[in-house]
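Asks:
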Amino acid sequence: MTILGIDAGTPDVAAAEHLIHDLVTMLGPPALACTHFVRTGRPHVAVTLVVEPDVQPDLAEYGVAWGDRRTGPEELAAGASQAVAEFEAGGGRAVVFAGSAGVSGVLTVAELVERSAIEQVSVLASPSPAAPEVVLDTRGYLRPERKAGVLTLATTPGLLPDGTVGLVPFEILDVQACCGGH
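Quick note on numbering: the sequence shown equals residues 1 to 182 in this note's numbering.
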């Protein structure tokens, strides 16, 4: 497999996720696709895709990095290279991952781990991962992070559809500005 870094200068994670879905259409489904913050120059978000070695990206308008190669505008190629380096160091926020399309609704932590590439479920402010029997409502949106290469979903206690308490993903789909949009 090849780690392909792509930087289109996307300003935020929503735009980067849109880019990932466009790239999936162009290049085929990756084994894993992640977002990465680029903190040099103008801050923005780049992506990585883990693809088959024979994928030949033709993305001249983007910065692209894989192996020791870099193409495209230099600032964007540098961002793509940074994204690859972060991925190789075990980081990244996963958007597409094995099982991502098939896990939604209410299920146990054990079922989530069994059906997807997510290896661990953490609970905010807890030193221990969630127990396998704990119930989780995916709310139709999972964005696990790679922590030292381990795909980990951050969760927080929350109400389940039946009114009981379980876990819900910490990251939500539609983040709303608080306190008047500051």
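Virtual Cβ for every residue (Gly too), placed ideally from N, Cα, C.
Out of curiosity, what's the CA-to-CA distance linking T40 and E133?
Replies: Numbered from its first residue, the sequence shown carries residue 40 at position 40. Numbered from its first residue, the sequence shown carries residue 133 at position 133. Going from the Cα of T40 to the Cα of E133 covers about 42 Å.
Asks: How far does the alpha helix (DSSP H) with R115 in it extend, from its first residue to its last?
Replies: For the purposes of this step, residue 115 is taken as the residue at position 115 of the sequence shown. Element bounds for R115: V109 to R115.
Asks: Quick one: residues in its chain with C-beta nearer than 8 Å to the C-beta of L107, no 5 flanking neighbours on either side, listed in chain order?
Replies: For the purposes of this step, residue 107 is identified with residue 107 of the sequence shown, where counting begins at 1. For L107, where only same-chain residues beyond five positions count, the Cβ hits under 8 Å are R115, V135, L136 and T138.
Asks: Residue range of the alpha helix (DSSP H) that Q82 falls in?
Replies: The residue given as residue 82 occupies position 82 in the sequence shown. It spans E74 to E88 - the alpha helix (DSSP H) in which Q82 sits, taken as one unbroken run.
Asks: For G63, which beta-bridge partners are listed by DSSP?
Replies: Taking the first residue of the sequence shown as 1, we reach residue 63 at position 63. D7.
Asks: From D58 to L23, what does the alpha carbon distance come to, in whole angstroms?
Replies: The residue given as residue 58 occupies position 58 in the sequence shown. The residue given as residue 23 occupies position 23 in the sequence shown. About 11 Å.
Asks: For the beta strand (DSSP E) holding A14, just list the boundary residues, first then last.
Replies: On the sequence shown, residue 14 is found 14 positions in, with the first residue counted as 1. A14 -> not in any beta strand (DSSP E); alpha helix (DSSP H) instead, spanning V13 to L27.
Asks: With distances taken Cα to Cα, identify the nearest neighbour of V51 among M26, A110 and E17.
Replies: The residue labelled residue 51 in the question sits at position 51 within the sequence shown. Nearest of M26, A110 and E17 to V51, Cα basis: M26.
Asks: Are there 16 or more other CB atoms within 10 angstroms of the CB of L173, so buried, or fewer, so exposed?
Replies: Counting from 1 along the sequence shown, the entry for residue 173 is found at position 173. Per the 10 Å Cβ criterion, exposed.
Asks: Considering Cα atoms alone, identify which of A110, G140, V38 and E86 is closest to L160.
Replies: Taking the sequence shown and counting its residues from 1, the one referred to as residue 160 is at position 160. With distances taken between Cα atoms, L160 lies closest to G140.
Asks: Is it true that the stretch 148-163 meets the stretch 93-113, where meeting means three or more beta-carbon pairs spaced less than 8 Å apart?
Replies: Touching, yes, given that three or more Cβ pairs across the two stretches are closer than 8 Å.
Asks: Per DSSP, what kind of secondary structure is S126 in: helix, strand or coil?
Replies: For the purposes of this step, residue 126 is identified with residue 126 of the sequence shown, where counting begins at 1. Here S126 sits in coil by DSSP.
Asks: Exposed or buried, A131, counting other C-beta atoms within 10 Å across all chains shown (16 or more means buried)?
Replies: Taking the sequence shown and counting its residues from 1, one reaches residue 131 at position 131. Classification for A131: exposed.
Asks: Just reading off the beta strand (DSSP E) that R146 is part of, what are its end residues?
Replies: Residue 146 sits at position 146 when you count from the first residue of the sequence shown. Its beta strand (DSSP E) spans residues E145 to K147.
Asks: Go to G158, then tell me how far its beta strand (DSSP E) extends in each direction, as first and last residue.
Replies: Residue 158 sits at position 158 when you count from the first residue of the sequence shown. Here the beta strand (DSSP E) through G158 covers V150 to L159.
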